[in-house]
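Input: a single structure, listed below in structure tokens.
Residue numbers (my numbering): 1 to 260.
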């Protein structure tokens, strides 16, 4: 039979007071070790629970539109109703895994080509169809403005960088010639100092997808597009030269145009 520490201490014939101190110390250390072990197990358990909840996907009912034409004609869910497998959902975008048929439980054929979805009465655009500068896989970005003429998506380059993709840069191309001899840009600051990528869709003069004539795609707002929208307004040119054209200026312009 194996001996305990108490047997060894007794065999050494130490004085009783000294033995008592050793035993008390041993028990104290043993209790502390047990407490640490229990605490470690609890931490591992709760971390596992939190991680499981965090990584748990949710399935939500949506309306989807394979093309912009389907959206304009209010013809969702062709050929069948579906739900979306959401990985992450915040105020500006949805990161998803797949789109599933409600009736069969199978993935909707070519779901990754869907133009947009409606979820909780909000319209979202498939960022895979966005210009190469900002396109991203498995992301639907929310339209912040849906108006009579213009639809707008605002994406904070810090908070929503996952929705912008990996090709993004602060410039929209080369030097802007003509009225404005400066480098073009496509990232815009608001009055709070936050930087944004802005996508806008002109439904009166839509940009047709070269791969699908039924699709109209939003454009990235860059310096050239600002000049075009304002018809080379001298006040706007001056703001651009001074780097004082803000996100708020664009939103005001869009809101005014949408009320005409």
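Ideal placement from N, C-alpha and C gives every residue a C-beta, glycine not left out.
Assumed close pair residue i, residue j - CB separation to whole angstroms, cut-off 8 angstroms
i: residue 218; j: residue 151; result: 7 angstroms
i: residue 162; j: residue 139; result: 7 angstroms
i: residue 142; j: residue 132; result: Actually they do not touch by this definition, with Cβ atoms about 21 angstroms apart.
Alpha-carbon to alpha-carbon, residue j and residue i
i: residue 134; j: residue 96; result: 17 angstroms
i: residue 148; j: residue 259; result: 7 angstroms
i: residue 192; j: residue 156; result: 12 angstroms
i: residue 252; j: residue 216; result: 24 angstroms
i: residue 87; j: residue 205; result: 35 angstroms
i: residue 60; j: residue 137; result: 19 angstroms
i: residue 190; j: residue 128; result: 26 angstroms
i: residue 247; j: residue 100; result: 37 angstroms
i: residue 126; j: residue 103; result: 23 angstroms
i: residue 250; j: residue 106; result: 42 angstroms
i: residue 232; j: residue 62; result: 41 angstroms
i: residue 84; j: residue 58; result: 8 angstroms
i: residue 220; j: residue 226; result: 10 angstroms
i: residue 78; j: residue 197; result: 31 angstroms
Strand pairing of residue i, partner residues [DSSP]
i: residue 266; result: Because the chain in this structure spans residues 1 to 260, residue 266 falls outside the shown range and cannot be described.
i: residue 197; result: 155
i: residue 227; result: None, per the DSSP bridge assignment.
i: residue 122; result: 119
i: residue 189; result: 195
Within the chosen definition, does the region 181-193 reach the region 92-111 through at least 3 CB pairs nearer than 8 angstroms? no
Can you check the region 84-118 for any beta strand (DSSP E) of at least 3 residues that lies completely inside it and give the ranges in chain order? 93-101
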